[in-house]
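Using full-length UniProt numbering, you'd call the opening residue of the sequence shown number 1 and step up by one each time.
Cβ atoms here follow ideal geometry from the backbone N, Cα and C, with glycine treated the same way.
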Amino acid sequence: MTAPGRKGRLVVVEGVDGSGKSTLAAALHRRLTGAGVPSVLTFEPTTGPFGRRLRESFTSPGRLPPGEELALFLADRREHVAQVIAPALAAGKVVVCDRYYFSTMAYQGARGLDPDEIRRTNEAFAPVPDLVLLLVLPVAEALRRIREKRGEAPNNFEAQADLERVAAAFDRLEAPFLHRLDARQPAEVLLEAAWARVRPLVPAAGPVKAPGAPAVGLPRP
1 MTAPGRKGRL VVVEGVDGSG KSTLAAALHR RLTGAGVPSV LTFEPTTGPF
51 GRRLRESFTS PGRLPPGEEL ALFLADRREH VAQVIAPALA AGKVVVCDRY
101 YFSTMAYQGA RGLDPDEIRR TNEAFAPVPD LVLLLVLPVA EALRRIREKR
151 GEAPNNFEAQ ADLERVAAAF DRLEAPFLHR LDARQPAEVL LEAAWARVRP
201 LVPAAGPVKA PGAPAVGLPR P
């Protein structure tokens, strides 16, 4: 359900690393733009200072302590909401976000933090999505895709045991606006399944005509 008074729509794509969420988010953005719907493609962690610190930690010798990691995600998201998401929603645009606070609930929840408390903390400042598309994929297949795509070993967030816990945390997530999609499907089939969920949110969408624009990140200082 759309939040009262919200002009735009917030669509979030979630899933474990390797599930194809970035590909789907970009495809949805192209579909929206081609249908004449003003939209923004964005992602988390961002390219801002807090997001960069998180990304650097992905390949450092060890992960940050859970509390410190969570604090960085929250700081990054506050900046993201203020600079990208909230202005786009206020302008009546559809925001397609590759990862949001449901990832924090799953990834940091898998490290022993309380996912319900993480959700409450985030929803105190972050807009609740109109739609969450959760891509479901066996962890073994996700890791195979990661290795095949990048040609390298998984990073600190992608150890198999960790991803199994993350996948289990995603399995426990429930919300009336959360819909699960089988990420084993071909990309074209997955896009149509996702579009069937997105289309009712944008009744003014016309026939698809043109490609979309690149993702919007935070400006580097």
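Are there three or more Cβ pairs, one per stretch, closer than 8 Å when the region 166-175 is compared with the region 2-21? Cβ pair count under 8 Å is three or more, so yes.
Quickly, what does DSSP pair D182 with across the bridge? List them, please. Here residue 182 is taken as the residue at index 182 of the sequence shown, counted from 1. DSSP lists V136 as partners of D182.
Alpha helix (DSSP H) containing L72: first to last residue? For this step, residue 72 is matched to residue 72 along the sequence shown. Element bounds for L72: 66-80.
Boundaries of the alpha helix (DSSP H) in which F102 is found, first to last residue: For the purposes of this step, residue 102 is identified with residue 102 of the sequence shown, where counting begins at 1. That run of the alpha helix (DSSP H) goes 101-109.
According to DSSP, simplified to helix, strand and coil, what is E6? Here the question's residue 6 lines up with position 6 in the sequence shown. This sequence places Arg at residue 6; Glu is not what is there. R6: coil per DSSP, three-state reduction.
Could you round the C-beta distance between V81 and F125 to whole angstroms and report it? I think they count as a contact, below 8 Å. The residue you call residue 81 lines up with position 81 of the sequence shown. The residue you call residue 125 lines up with position 125 of the sequence shown. Contact flag correct, Cβ pair sits at about 6 Å.
On the DSSP bridge list, what partners appear for L41? By one-based count along the sequence shown, residue 41 stands at place 41. BP columns for L41 point to V96.
Taking a contact to mean a Cβ-Cβ separation below 7 Å, would you say R53 touches L72 in this structure? Working through the sequence shown from its first residue, we reach residue 53 at position 53. Working through the sequence shown from its first residue, we reach residue 72 at position 72. Contact: yes.
Could you pull out every residue in the same chain whose Cβ sits closer than 7 Å to the Cβ of P207, ignoring the five residues on either side in sequence? Position 207 of the sequence shown, counting from 1, holds the residue named residue 207. Within the same chain, P207 has close Cβ partners A35.
Which of helix, strand or coil DSSP assigns to L143: Residue mapping note: residue 143 aligns to position 143 of the sequence shown, counting from 1. Correct three-state label for L143: helix.
Check for me: the alpha helix (DSSP H) holding residue 229 runs from which residue to which? The first residue shown for the chain is 1 and the last is 221, placing residue 229 beyond what the model contains.
Please state the DSSP three-state secondary structure of E164. Counting from one through the sequence shown, the residue named residue 164 turns up at place 164. DSSP places E164 in helix when its eight states are reduced to three.
CB-CB length for V84 against V37, believed under 8 Å: Residue numbering aside, residue 84 sits at position 84 when the sequence shown is read from its first letter. Residue numbering aside, residue 37 sits at position 37 when the sequence shown is read from its first letter. That belief does not hold up - the Cβ atoms of V84 and V37 are roughly 17 Å apart, past 8 Å.
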